[in-house]
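Here the protein sequences come in this chain order: A and B. Take 1 as the starting number for the first sequence in full-length UniProt numbering and just add one per residue. Take 1 as the starting number for the second sequence in full-length UniProt numbering and just add one per residue. Glycine included, C-beta positions come from ideal geometry on N, C-alpha and C. Below you'll find the structure, written out as structure tokens, and then a few comments.
Protein chains: 2
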Amino acid sequence: MAGPGRGVTIADVAARAGVAASTVSYVLSGKRSISPETADRVMQAVADLGYHPHAGARSLASRRAGVIAMMLPLRDGMHLPVLMQFASGAVTEARRHDQDVLLMTADEGPAGLARVAASAIVDGLILMDVEVRDPRVETLRRLGLPSVLIGFPADAEGLTCVDLDFTAAGSVCADYLAERGCGDIALLGASEAVYARRTGFAERVREGFLGRSGARAEVWPCPDEPVSVQRTVKELLAANPALTGLAVHNEPAVGHVMHALADAGKRVGEDFHVVVIGPDEVAERVHPQLPSVLVPAETLAETAVRHLMRKLDGLDVPDSTLVEPQLTVR
Amino acid sequence: MAGPGRGVTIADVAARAGVAASTVSYVLSGKRSISPETADRVMQAVADLGYHPHAGARSLASRRAGVIAMMLPLRDGMHLPVLMQFASGAVTEARRHDQDVLLMTADEGPAGLARVAASAIVDGLILMDVEVRDPRVETLRRLGLPSVLIGFPADAEGLTCVDLDFTAAGSVCADYLAERGCGDIALLGASEAVYARRTGFAERVREGFLGRSGARAEVWPCPDEPVSVQRTVKELLAANPALTGLAVHNEPAVGHVMHALADAGKRVGEDFHVVVIGPDEVAERVHPQLPSVLVPAETLAETAVRHLMRKLDGLDVPDSTLVEPQLTVR
DNA sequence: TTCCTCAATCGAAGCGCTTCGACAAGCTTC
DNA sequence: GAAGCTTGTCGAAGCGCTTCGATTGAGGAA
């Protein structure tokens with residue numbers, strides 16, 4: 001089935017179907033009407049020969065590469081499983097649109113964007129984990145390369161952005177704890193470093209949380225290291241002995257928080273309630289398992305890819321898309 | 001700096017440097033000798049115009065795309081962070097060789113391989129998480145697409161494979177426990193499903209472990225779910241009350257194993273020792289933190305990419321490369 | 001019947017690059 | 001000082017595809 005060695009070309013297909021090469025092209029692209037009989041013969045030849053158009057030739061002639069780039073952050077502190085879900089979700093969705101995905105890392109920075117734009121190796125771009133002040137954003141605007149951002153930079157004017165509705169996520173957590181009858185509650189947030197970097201994202205959770213729970217709630221940033229986590233939790237409990245509910249928005253800390261609570265004699269799920277903002281595994285791998293609001297990586301990826309496809313087709317898309325958070329109770 | 005709108009071509013560079021287009025090409029590729037003065041002028045023009053060769057045109061003319069594909073598994077049970085490390089390691093290394101990386105998912109299967117091979121969209125391929133009986137392997141052989149596999153299929157004849165030396169990893173764990181003075185020890189392995197799928201990998205750990213520790217060791221498969229883990233550990237302890245050391249080769253189970261041991265009154269790090277085969281975070285996010293042998297994803301990825309580059313350059317590479325395990329004590 | 005339209009197809013002209021052969025100079029080498 | 005090498009450069013021929021007229025024949029309108 002591999003054909004006669006290397007390289008089945010459109011000419012081979014045309015010869016076998018007894019038509020011109022351009023006709024084959026039109027059958028495949030559907031850009032001009034072709035009689036059903038001819039189309040059938042062509043498709044048969046395509047199948048017989050196992051023909052796939054040469055990507056380079058196609059991109060050269062049509063000015064469409066059929067590839068989109070995805071730039072992932074590599075920084076410490078990013079939660080890897082979420083990135084991976086994101087990447088695979090994007091690939092899966094892209095394939096539905098007959099596109100491939102080129103993987104880039106954020107350390108290529110603006111120069112990397114310029115490179116892929118100029119070399120026309122991709123038609124568009126998805127930029128993950130965009131920060132409030134992101135040097136890539138300006139380059140992106142200048143290049144005019146069709147793109148979708150995950151996250152919201154300070155100035156999102158004219159850009160297409162997608163993200164989880166973190167404000168709503170904060171509210172959902174506050175509501176959950178309220179429903180469990182918790183009076184005084186707190187939000188244990190990310191490390192200071194994360195707050196410093198992406199105010200937008202952490203701040204929005206905070207606002208959503210406080211907005212719903214009012215004066216009886218407080219927010220504490222929280223470091224990642226086990227010992228510091230334990231200390232932070234102790235301080236939190238000491239500062240507010242009436243505390244009965246906690247939302248944790250800090251993946252690596254969850255396990256240690258649970259330990260600290262156990263040490264302090266809190267029985268989670270009974271006289272004390274905890275809800276996690278983070279991936280499923282984190283909430284599942286502690287005892288007892290916790291309810292959680294996950295970052296819906298796959299949904300975000302799919303949305304981003306779909307929006308990018310629309311832009312490539314010249315259709316318009318909303319500037320800003322917020323995905324609703326979903327609480328999973330365990 | 002963005003040049004006069006879209007598309008700086010080699011002709012623009014040639015005109016600005018006052019040479020023929022072919023000369024620019026030779027300067028850039030180094031395939032013919034060019035006088036230093038001319039080369040300088042050309043490079044200056046390239047920089048001035050921000051020229052990057054059109055990837056499609058280049059691939060069409062040179063029959064080299066400058067892109068490699070990486071096919072990642074998406075199956076449940078794969079540990080996502082490791083995949084992500086792998087992917088980013090591969091991208092980083094590939095960029096050092098001026099190559100880009102196309103991301104594919106294993107669910108495209110053999111047809112996906114045929115597609116990328118026929119469309120010449122990539123020059124070579126890295127296949128992750130190859131199983132003992134992998135349907136992609138036969139296709140790969142038939143296509144003759146340069147490739148490197150991570151993992152060892154049953155018949156690796158003529159293929160280039162790279163993997164962690166799992167046998168050595170098993171031995172390292174046994175040695176560690178022996179050094180801590182543990183007499184009776186056990187290996188708590190992966191779930192039955194994993195064993196069923198990739199005998200090679202799990203079996204080799206087992207052999208390494210048993211080979212070093214002899215008759216006083218035993219191997220138990222272990223499911224992923226919290227409750228089953230707890231039960232398995234209880235049974236294990238009941239079956240061998242003299243047990244003082246445990247190697248755990250099952251990422252999701254580690255946290256629950258620690259709980260079960262605590263429940264059974266074992267003080268890990270004092271009268272009982274545990275070592276993990278798995279990623280750092282898993283060993284770090286339990287209390288106390290555990291020593292571990294990690295799957296060196298980045299190293300494997302780099303090695304795989306380097307081997308693939310050599311193959312693309314027509315150099316030869318070893319059929320089989322085993323990376324030495326490294327024990328991290330915490 | 002003649003003219004016009006429309007559907008179906010063909011042929012040729014590129015897309016931007018690499019590479020091959022040719023060709024001037026400037027060197028050796030006897 | 002003619003013959004032969006090198007070295008540096010150019011021009012042209014493609015790589016395999018898409019796309020833009022042009023062309024043909026059939027059907028409908030007049």
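Straight-line spacing of the CA atoms in A/Asp48 and B/Ser320 works out to 36 Å. Assignment of B/His79 by DSSP, reduced to helix, strand and coil, places it in the coil class. Contact between B/Arg115 and B/Leu127 is ruled out by a C-beta separation of about 15 Å, above the 8 Å threshold. From the beta-carbon of A/Met84, the residues of chain B found nearer than 8 Å are Leu80, Pro81, Leu83, Met84, Ala87. Sequence-distant Cβ neighbours of B/Val19 in its own chain, meaning closer than 8 Å and more than five residues away, are Thr38, Arg41, Val42. For the pair of segments examined, the segment 50–65 of chain A was found not to touch the segment 279–290 of chain A: the number of CB pairs separated by less than 8 Å stays below three.
In the three-state reduction of the DSSP assignment, A/Ile10 falls in the helix class, which pools H, G and I. Boundaries of the beta strand (DSSP E) around A/Leu102: 100–105.
Burial state of B/Pro221 is buried, judged by a 10 Å Cβ sphere holding 16 or more other Cβ atoms. Taking the CA atoms as reference points, B/Val67 sits about 45 Å from A/Leu187. In the assembly as shown, B/Asp316 is an exposed residue. Its beta-carbon has fewer than 16 other beta-carbons within 10 Å.
By the criterion of a C-beta distance shorter than 6 Å, B/Phe166 is surrounded in its chain by Phe201, Arg204, Val205, once the five residues flanking it on both sides are discounted. Assigned with DSSP and collapsed to three states, A/Asp184 falls in strand. Burial is judged here by how many other beta carbons sit within 10 angstroms of a residue's own beta carbon; A/Ser119 has at least 16 and is buried.
In the three-state DSSP reduction, B/Leu236 falls in the helix class (H, G or I). The count of Cβ pairs closer than 8 Å, one atom from the segment 253–264 of chain B and one from the segment 224–235 of chain A, stays below three, leaving the stretches out of contact. Residue pairing by DSSP places A/Met70 opposite A/Leu103, A/Ile126 in a beta bridge. Within the same chain, Ala21, Val24, Ser25, Tyr51, Pro53 come within 8 Å of B/Ile10 by CB-CB distance, once the 5 residues on both sides are set aside. The residues Asp165, in chain order, have a CB closer than 6 Å to that of B/Leu322 in the same chain once the five nearest residues on each side in sequence are set aside.
Using a CB distance below 9 Å, the part of the segment 110–130 of chain A facing chain B consists of Gly112, Ala114, Arg115, Val116, Ala117, Ala118, Ser119, Ala120, Ile121, Val122, ordered along the chain. Straight-line measurement puts the Cα of B/Gly158 at about 40 Å from the Cα of B/Ile34. Around B/Ala117, the same chain offers Leu143, Leu145 as residues with beta carbons nearer than 6 Å, after the five sequence neighbours per side are excluded. Using a CB distance cut-off of 9 Å, A/Asp100 counts as an interface residue toward chain B.
At a cut-off of 9 Å between C-beta atoms, B/Gly181 does not count as an interface residue with respect to chain A. For the options A/Gly124, A/Ile150, A/Asp129, A/Ala154, the alpha carbon positioned closest to that of A/Glu138 is the one of A/Ala154.
The shortest CA-to-CA distance from A/Val172 to any of A/Glu324, A/Ala65, A/Phe152, A/Glu251 is the one to A/Glu324. Burial state of B/Lys266 is buried, judged by a 10 Å Cβ sphere holding 16 or more other Cβ atoms. For A/Leu300, same chain residues with a beta-carbon under 8 Å away, outside a window of 5 residues either side, are Phe86, Gly89, Ile150, Val162, Asp163, Leu164, Val323 in chain order. Listed in chain order, the positions of the UniProt domain "HTH lacI-type" (8–62) of chain B with a beta carbon within less than 8 Å of a beta carbon of chain A are Val8, Gly50, Tyr51, His52, Pro53, His54, Ala55, Gly56, Ala57, Arg58, Ser59, Leu60. If you look at A/Ser29, you'll find it in the alpha helix (DSSP H) that goes 21–29. Under a criterion of Cβ atoms nearer than 8 Å, the residues of chain A adjacent to B/Ala65 are, in order, Ala55, Gly56. Setting aside the 5 residues that flank it on each side, A/Thr328 is surrounded in the same chain by Asp280, Ala283, Pro291, Ser292, Val293, Leu294, each with a C-beta closer than 8 Å to its C-beta; the list follows chain order. By the criterion of at least three beta-carbon pairs nearer than 8 Å, the segment 244–251 of chain A is in contact with the segment 174–186 of chain A. The contact set of B/Met104 on chain A, defined by CB atoms closer than 9 Å, consists of Val91, Arg95, Asp100, Val101 in chain order. Around the beta carbon of B/Glu131, a 10 Å sphere encloses 16 or more other beta carbons of the protein chains shown; the residue is thus reported as buried.
Within the DSSP bridge table, the entry for A/Val268 names A/Phe272 as partners.
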